[in-house]
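Here the sequence shown stands for residues 299 to 657, numbered as in the working numbering. No residue lacks a Cβ here, since even glycine has one placed at the ideal position from N, Cα and C. Fair warning: this is a prediction, and the values are worked out from it, not measured in the lab. Here's the structure we're looking at; comments come further down.
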Amino acid sequence: MRVSSQGVTVVALLADPDAPTEIAQRMARTLPARLADKSGQGRRFDVEVVSEPFTSGTEDPPTLMRRIMDRGSAENWDIVVALTDLPLHSHGRRLVVNLSHKHGLALLSLPSLGGLRLQTRARRAVEEAVLGLTGPQTTGAEAPPGPIGEKETDDLRYVVSGPRGYLRVLVGMVRANRPWRLVPGLSKALAAALATGAVATVNSTVWSLAETLSVPRLVIATVGSVALMVGWLIIDAELWHRSAESSPEARQRARLYNASTVVTVGIGVLVCYVGLMVINWVWALFILNDQAFASVTRTPLHAEEYVTLSWFVASVATVGGALGSGLESDDAIRAAAYSKREQERRHTLQDDHGDQSSK
């Protein structure tokens, strides 16, 4: 590790675009003071945030470490901590942090930290990495275990393994996908679903069907309509990831990508479904006539009937929304898939290289 001649350790947070950059920018506000307090040696720290798609085209940790080393050698940085939202693997195990004490480098995979309290966990992982790189060099067996995972030797690596580790990474990937951003991106699908729901709510045939459906059948209708919507979105936007490699790690990565895409899109569609149910319920309160409803169904219009009708209509409207989702552009939902974001970063990197070569 290099030491600044002015007694100030310059720490660069090299972050992939989107969520990693946002996390790095937020932690950079308090990181210098926290590092100075924890170092206990009167050392000062300067923190810079650099947003670059440094993972574009590869997910191989050794290759990424070489990229980070090359990037750091061109700058006046003492330590480089790289943050990515890609799930990384080390010898078949999911990588959390990879440290190179010799070169003052650290590579942090954010999904391996899980989906809860991500900002706090990321900050603690970065603090631990920086303090470890500024301290005396230790071997993997002598290194303090820390809160971020199990240790491996060679270069110091922290990993997670087993079913809990897989679930932790999956939740972290869904968190990085930010499924709440999918809802406003489905404006045309929601418009189609609202129109379908408005018409279905005043349809006497729908009234009769809703009254004959039991709760298990309503649940089946919900699952079926949501699954149809999710499947159509994934197929129409080509979100399913197919790996060109046949290695076990590539297959495992593809499974993680696809699982996170299904869960992300599923959460977005479920949010839309609940919203449709509430809107349909409010619409039914204003529009339905008790006498007209009772004359068709032979059942008084009570609270239970409102809930049952709005529930069933939400399923019908979701199917209508699936048809409307075909009008959406890929830009509206590509953030729900890692492979799409990787393609976007690759194009961005190619465009940047093209601009530099033309100057």
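Annotation for phenylalanine 352: no alpha helix (DSSP H) segment contains it, and DSSP assigns it neither H nor E. Boundaries of the beta strand (DSSP E) around leucine 405: 403 to 407. The beta carbon of alanine 557 is closer than 7 Å to those of Leu468 in its chain, skipping five residues each way along the sequence. Under the Cβ criterion (8 Å, minimum of three pairs), the region 596 to 611 does not count as touching the region 561 to 568.
Residue Ser388 holds the alpha-carbon nearest to the alpha-carbon of valine 458 among Ile366, Pro482, Ser388.
A direct Cα-Cα distance of roughly 38 Å separates valine 524 from arginine 422.
Considering only Thr616, Val308, Glu509, the residue with the shortest C-alpha distance to alanine 490 is Thr616. Taking a cut-off of 8 Å for Cβ pairs, the region 364 to 382 and the region 307 to 318 touch, as three or more such pairs fall below it. Under the DSSP definition of a beta bridge, histidine 387 partners with Arg392. The beta carbon of glycine 522 sits closer than 8 Å to those of Ser613, all from its chain and outside the five residues before and after it, given in chain order.
Distance from the CA of aspartate 383 to the CA of glycine 305, rounded to the nearest whole angstrom, comes to 32 Å. For the options Arg342, Gly495, Ala535, Thr503, the alpha carbon positioned closest to that of valine 572 is the one of Gly495. In the structure shown, the three-state DSSP call for aspartate 368 is helix. Three or more beta-carbon pairs separated by less than 8 Å link the region 411 to 431 to the region 390 to 402, which places the two stretches in contact. Within the same chain, and ignoring the five residues on either side of valine 500 in sequence, the residues whose Cβ sits closer than 8 Å to its Cβ are Ile585, Leu586. With a minimum length of 4 residues, the unbroken runs of alpha helix (DSSP H) contained wholly in the region 310 to 345 fall at 317 to 326, 329 to 337.
Taking C-beta separations shorter than 7 Å and ignoring five residues to either side along the sequence, the partners of threonine 356 in its chain run Leu362, following chain order.
Per DSSP, valine 378 lies in no alpha helix (DSSP H); the unbroken beta strand (DSSP E) holding it starts and ends at 377 to 382. Residue pairing by DSSP places valine 458 opposite Arg392 in a beta bridge. Contact between the region 316 to 328 and the region 343 to 357 is established, with three or more Cβ pairs separated by less than 8 Å. Taking 8 Å as the cut-off, the Cβ atoms of tyrosine 604 and leucine 583 count as close. From the listed residues Thr307, Pro360, Leu329, Phe352, the smallest Cα separation to arginine 341 is found for Thr307.
Taking all protein chains in view, the Cβ of threonine 353 is crowded by 16 or more other Cβ atoms within 10 Å, so the residue is classified as buried. Residue pairing from DSSP places serine 398 in a beta bridge opposite Leu403.
Pairing proline 461 with threonine 595, the inter-Cα distance amounts to about 50 Å. Secondary structure note for glycine 573: its alpha helix (DSSP H) is the uninterrupted segment 546 to 585. Setting aside the 5 residues that flank it on each side, valine 378 is surrounded in the same chain by Ala310, Leu312, Ile366, Gly370, Leu403, each with a C-beta closer than 6 Å to its C-beta; the list follows chain order. Under the DSSP assignment, arginine 419 falls in the alpha helix (DSSP H) whose first and last residues are 416 to 432. With contacts defined by Cβ atoms closer than 8 Å, glycine 483 and glycine 413 do not form a contacting pair. DSSP, read as helix, strand or coil, puts valine 500 in coil.
Annotation for leucine 480: the continuous alpha helix (DSSP H) segment containing it runs 480 to 483. In this structure, valine 395 lies away from leucine 408, with their beta-carbon atoms at least 8 Å apart. Under the three-state reduction of DSSP output, threonine 307 falls in the strand class.
For asparagine 475, the three-state secondary structure derived from DSSP is helix. Here the C-alpha atom of aspartate 335 lies approximately 52 Å from the C-alpha atom of lysine 486. The alpha-carbon of serine 512 is positioned some 26 Å away from that of glycine 529.
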